[in-house]
Each structure stands twice: as structure tokens, then as C-alpha cells.
Amino acid sequence: MAAELVVANGTAVLPTGAVAADVVTGEGRILDVVEPGKGRAARIVDARDRIVLPGGIDAHVHFLIGFMGQRSVYDFHSGTVAALRGGNTAVIDFALQRRGRSLMDGLKHRRVQADRHVACDYGLHVIVTDVNSASLAEVPAMAQAGVGSFKAYMVYEKEQLKVDDGPLHDLMRAAGREGLLVGLHAENASIIDQETARRLAAGETAPIFHALTRPMIAETEAISRALLLAEDAGCPVHIFHLASGPGLDLVAAARARGRPAFAETCSHYLALTDEAYQRPDAHLWVMSPPLRDAAVQARLWRGLAAGELAAVTSDDASYSADAKRLGAASFATTANGVPGVEHRLPLLYTHGVLAGRIDLMRLTELWSAWPAQLFGLAPAKGAIRPGADADLAIMDPQQKRRMDASCNYGAIGYTAFEGQELSGWPVMTIRRGQVAVEDGRYLGKAGEGRYLARTRPMLPPLGP
Ligand SMILES: [Zn+2]
Numbered sequence: 096m097a098a099e100l101v102v103a104n105g106t107a108v109l110p111t112g113a114v115a116a117d118v119v120t121g122e123g124r125i126l127d128v129v130e131p132g133k134g135r136a137a138r139i140v141d142a143r144d145r146i147v148l149p150g151g152i153d154a155h156v157h158f159l160i161g162f163m164g165q166r167s168v169y170d171f172h173s174g175t176v177a178a179l180r181g182g183n184t185a186v187i188d189f190a191l192q193r194r195g196r197s198l199m200d201g202l203k204h205r206r207v208q209a210d211r212h213v214a215c216d217y218g219l220h221v222i223v224t225d226v227n228s229a230s231l232a233e234v235p236a237m238a239q240a241g242v243g244s245f246k247a248y249m250v251y252e253k254e255q256l257k258v259d260d261g262p263l264h265d266l267m268r269a270a271g272r273e274g275l276l277v278g279l280h281a282e283n284a285s286i287i288d289q290e291t292a293r294r295l296a297a298g299e300t301a302p303i304f305h306a307l308t309r310p311m312i313a314e315t316e317a318i319s320r321a322l323l324l325a326e327d328a329g330c331p332v333h334i335f336h337l338a339s340g341p342g343l344d345l346v347a348a349a350r351a352r353g354r355p356a357f358a359e360t361c362s363h364y365l366a367l368t369d370e371a372y373q374r375p376d377a378h379l380w381v382m383s384p385p386l387r388d389a390a391v392q393a394r395l396w397r398g399l400a401a402g403e404l405a406a407v408t409s410d411d412a413s414y415s416a417d418a419k420r421l422g423a424a425s426f427a428t429t430a431n432g433v434p435g436v437e438h439r440l441p442l443l444y445t446h447g448v449l450a451g452r453i454d455l456m457r458l459t460e461l462w463s464a465w466p467a468q469l470f471g472l473a474p475a476k477g478a479i480r481p482g483a484d485a486d487l488a489i490m491d492p493q494q495k496r497r498m499d500a501s502c503n504y505g506a507i508g509y510t511a512f513e514g515q516e517l518s519g520w521p522v523m524t525i526r527r528g529q530v531a532v533e534d535g536r537y538l539g540k541a542g543e544g545r546y547l548a549r550t551r552p553m554l555p556p557l558g559p
């Protein structure tokens with residue numbers, strides 16, 4: 096194959112370590128990794144004083160979603176452009192099965208929304224909301240369609256999302272037979288619904304009550320239940336957006352016993368605490384699970400350092416400041432979530448590497464390598480290695496920027512990380528050998544991303 100583009104003279108983070116190297120690419124693949132100055136091709140990108148990472152894989156984003164009439168700013172085009180600006184070359188979004196409909200309906204519907212619009216590659220987790228003999232019988236076909244993982248909600252009955260324990264156990268058995276992963280939004284519905292009803296009855300509607308009605312025990316208990324059900328069902332299990340220290344202890348203990356039990360946390364839990372709920376504009380930080388205290392945050396960072404967590408995701412939900420304000424009269428009507436798909440890298444680099452909590456290798460694992468393995472994208476993605484897709488993020492470790500609303504692509508009007516000075520910004524993103532973003536500008540067209548048919552999780556993928 097002919098070399099087309101060389102990323103020269105950078106510090107490339109390979110699976111074996113960070114080395115000064117030229118990364119040679121052609122026909123969308125990485126062809127070779129050679130000594131600095133030795134790479135030859137028509138185009139040379141100079142990456143001197145830059146760090147060259149595998150393209151980010153954000154395994155948890157929500158583009159083109161709504162909440163009580165509010166729409167996310169990002170659709171599949173703008174969201175995937177934002178992802179690329181953040182150094183990501185692949186994202187995994189969600190396809191929702193509506194109750195009474197098939198899993199395949201949900202998958203096809205979402206692909207129609209995405210396929211012709213995406214700027215980076217993408218996959219879909221299928222959200223199962225209606226477990227019955229027909230949907231269980233579709234599980235093998237989902238694997239054929241490139242869905243390596245499902246998601247189930249243990250909360251949100253009103254929204255017609257919640258899956259009760261019996262059906263969840265059934266889903267886990269069916270997924271387990273196929274070697275597929277079941278991921279959970281793990282919170283205890285009964286505790287949350289009861290606390291919410293009490294607070295609302297007392298007129299306690301401020302954003303702080305969002306956090307108080309979703310106490311950590313609600314998350315911890317649901318994680319515990321999910322792990323037990325999955326273990327009995329013989330199913331690989333994943334906890335989405337983990338924000339509970341005791342919950343992480345349970346996941347780590349299950350893994351230590353050899354169980355295929357995994358979890359991710361999100362960049363906002365690592366960079367923010369529940370002090371945000373004291374702010375006058377606290378509605379902007381309404382998300383589920385809510386932000387926790389500094390002790391939980393420290394536990395999450397220890398978990399990342401120890402290899403107890405498989406990924407850091409953004410859980411990007413790009414409701415604008417205006418959209419969040421519209422529902423701000425009560426925490427129960429505030430659109431949940433914060434945007435973050437562009438900022439995983441500087442957040443992990445600043446709060447992780449520069450703060451001495453994790454090293455660059457672990458950053459790379461959490462940023463790309465491990466989610467690629469867990470969510471069935473390896474070996475094509477997740478590593479700088481000959482034969483892999485030429486997906487690269489070139490990061491400037493010196494570049495510093497103070498976060499404000501202008502840091503987000505599109506008219507979101509705020510950032511959850513307001514005021515933080517972050518280092519380690521992506522300056523160029525290369526998608527399958529093409530320069531897709533340079534200095535924040537998208538150079539491609541809509542629909543140049545591809546749907547990623549994912550395989551089963553690679554087990555056991557992780558850990559030191
Ligand atoms: Zn989410």
C-alpha cells in the first residue's frame with residue numbers, strides 16, 4: 096500500500112508505551128510506525144512537541160435527543176463534528192426500542208437519522224425497553240447487525256424506559272448466550288420516586304433537590320442488583336456513568352472474582368463536584384446520577400489509576416442553556432445532562448495526567464483502547480498499530496484555554512466546566528487517514544463517517 100500521510104516527529108502513544116515516532120498511513124490504515132524523520136509520504140504533518148494518540152472513542156453520547164419538548168443542540172452531523180473537534184474518531188450513541196416495537200425497528204430508525212449525516216464513525220447500543228419473547232428472539236440478529244451491547248434503564252417508568260428485574264434477568268440470559276454485553280443505567284427507581292414525590296409535595300423544587308432525591312445508595316443498590324443478576328445469567332455487564340464509590344467497590348470486587356463486570360465514569364464526575372448545586376444557575380448541572388462530593392471523586396480517580404474502570408465517557412447531552420432554563424422551575428422538569436464530547440481529552444489530561452493521578456498510558460487506555468475492546472471495535476480501532484484504522488488525535492500538551500461557552504461547537508450557550516483552565520487540546524484529528532479537523536475546523540462533508548458493525552466484547556479486555 097502506498098503511504099499517503101505521515102504524522103512526523105511526535106510522541107506517539109503506542110500499546111507498548113509512548114515513543115518518539117513517525118506514524119505512516121495510507122488507504123485509511125496505519126501502515127507503519129518508524130523512527131522520527133524516517134516516514135515518507137506525499138503529505139507530512141509535523142507533530143513536533145505534540146502527543147499523538149489513537150483517535151478517541153466516546154462510548155456514551157446522546158445526539159438528536161429530546162426531553163419534555165426540549166431538543167439537544169447536536170444532531171448527528173453537528174455532534175460528530177464536535178466529537179472530531181475533541182479528538183474523537185468514533186462515538187457510540189443509542190438506538191431506542193419503543194415499547195410495542197421491535198429492536199430492529201429502533202436500530203433502523205436511528206440509522207436513518209444518522210447514516211447520511213455523521214462526520215465521524217459511530218456505533219449504536221440498543222436500548223431495550225420491552226422485553227418479551229419477540230424481542231428476546233431478536234438478540235442474535237442484533238449481534239449480526241453489529242450491536243455488541245444493549246442498554247437497559249432500571250429507572251424512568253413514567254418515560255416508558257424502565258425494565259423490571261425479571262425481564263432484565265431474561266434479557267441478560269439471552270445476551271449472555273450470545274456473548275453480548277448488557278449495560279445499565281443503574282439507579283433504584285423506588286427510592287428515587289419516593290424521595291421525588293416527598294420533595295415535590297413539600298414544594299422543594301430547586302436543583303439541589305435533584306441531587307438529594309437521587310442519593311448514592313440508590314445507585315449503589317442498583318449496581319449491586321445488576322451485578323448479581325448478570326452473574327447468575329452468565330452475561331457480561333457494564334455500568335454506564337458510574338458515580339458511586341461503593342458501587343465501584345462492587346464492580347471491582349466482581350472483576351477480582353473473574354466476572355466480566357465493567358463500568359465507565361464520565362468526565363464531569365471527575366472534574367466537578369456537588370458544589371455546583373449551590374450556584375444560582377445550578378439547574379445547568381442537573382444530570383443523572385447527580386454530581387457527588389470530593390471523596391467520591393477521589394475514589395473514581397483511584398479506580399481509574401488502578402484499572403478498575405474501563406472507560407471515561409462524556410454522556411454528552413447538548414441541551415442549550417435556554418433549554419435547561421425553560422425547565423428550571425423544578426428539578427423534575429429540567430432536561431438532564433451536560434455537553435462534553437469535545438472536552439474529554441483536556442479534562443483527562445489536566446485533571447488526570449498533569450495532576451499526577453494517571454499517566455499518559457492510562458489516559459490512552461481510558462480514552463480509546465479499552466472502550467474499543469469492550470465495545471467490539473478492536474483491533475480496527477483503539478490503538479496506533481500497523482493494520483489499524485488511521486484514526487489519530489494530535490494533542491498540544493502546552494496549549495491552555497480557560498473554559499467558557501465559546502469552547503463548545505454550536506449554540507449551547509454554556510459549559511459545565513466554566514472557568515476551568517485546561518491544557519492538552521487536540522489540534523488535529525485524522526479520521527481513517529484524512530485530516531478531518533484542523534484547529535477546530537471540520538474539513539469534510541456530512542456522511543463521511545461510517546456505521547460501525549461492532550463485534551462481541553473482547554473478554555477479558557482490561558486491567559493492569
Ligand atoms: Zn447517557
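The sequence shown runs contiguously to residue 559 in our numbering.
All C-beta atoms in this analysis are idealised placements derived from N, C-alpha and C, irrespective of residue type, glycine included.
Values in this document were obtained by computation on a predicted structure and should not be read as measured data.
Asked	Found
Given 8 Å, three or more beta-carbon pairs between the segment 168-187 and the segment 230-239	no
Any non-hydrogen atom of ligand 1 within 8 Å of Phe640 CB	Nothing about residue 640 can be read from this structure; the chain reaches only from 96 to 559.
Which listed residue (Val522, Tyr372, Ala473, Gly471) has its alpha carbon closest to that of Arg496	Val522
Residues near Ile318 by beta carbon distance below 6 Å, same chain, minus five either side	Ala281, Ile334, Gly342, Leu345
Stretch-stretch touch, CB-based, cutoff 8 Å, three pairs: the segment 290-300 with the segment 237-245	no
Rounded straight-line distance, which links the Cα of Thr360 to that of Phe189	17 Å
At least three beta-carbon pairs within less than 8 Å, the segment 449-463 to the segment 189-205	no
For Val277 and Ala229, believed in contact at Cβ under 8 Å, the rounded distance	Rounded, the Cβ-Cβ distance is 18 Å, inconsistent with contact.
Exposure label - Ser516; buried when at least 16 CB within 10 Å	Contrary to the premise, residue 516 reads as Glu rather than Ser in this sequence. Exposed is the call here.
Helix, strand or coil at Thr315 according to DSSP, with G and I counted as helix	helix
Identity of the residue in Ile222, Ala377, Ala390, Ala292 nearest Glu513 by Cα	Ala377
From Ala107, Ala116, Gly123, Pro110, residue whose alpha carbon lies closest to that of Met96	Gly123
Run of the beta strand (DSSP E) containing Glu516, from where it starts to where it stops	516-526
Distance between Ala98 and Arg354 (C-alpha atoms, nearest Å)	43 Å
Among Ile160, Met249, Ile146, the one whose alpha carbon lies nearest that of Pro434	Ile160
Helix, strand or coil at Ile334 according to DSSP, with G and I counted as helix	strand
Contact test: His363 Cβ vs ligand 1 heavy atom, cutoff 8 Å	no
Close Cβ partners of Gly181 (< 7 Å) along its chain, the five nearest in sequence each way excluded	Gly151, Val436, Glu437, His438, Arg439, Leu440, Pro521
CA-to-CA distance, Ile287 to Ala313, given in whole angstroms	7 Å
CA-to-CA distance, Gly432 to Ile536, given in whole angstroms	As written in the sequence, residue 536 is Arg, which differs from the Ile given in the question. Between Arg536 and Gly432, the C-alpha separation is close to 26 Å.
Reduced DSSP secondary structure (H/G/I, E/B, other) of Pro492	strand
Cut-off 6 Å between Cβ atoms - residues of its own chain near Val391, not counting five sequence neighbours on either side	Gly340
Three-state secondary structure assigned by DSSP to Gly539	coil
Backbone secondary structure at Glu122 - three-state DSSP	coil
Pairwise C-alpha distance: Pro492 and Arg551	35 Å
First through last residue of the alpha helix (DSSP H) which encompasses Glu273	260-273
Pairwise C-alpha distance: Glu460 and Pro559	Residue placement at Pro559 cannot be trusted, given a pLDDT of 39 that sits under 50; what the coordinates show is reported in the next sentence. Distance between the alpha carbons of Pro559 and Glu460 is about 11 Å.
Segment contact, 8 Å Cβ cut-off, at least three pairs: the segment 541-550 with the segment 206-223	yes
Own chain partners of Ala328 with C-beta closer than 7 Å, once the 5 adjacent residues on each side are dropped	His264, Met267, Arg268, Gly271
Expected contact under 8 Å - CB spacing of Ser518 and Gln494 to nearest Å	7 Å
Three-state secondary structure (DSSP) of Gly558	Note that Gly558 scores a pLDDT of 48, beneath 50, so its modelled location is shaky; the value from the coordinates is reported in the next line. Gly558 falls in the coil class under three-state DSSP.
Candidates Val381, Ala371, Glu403, Val223: closest to Arg420 by CA position	Val381
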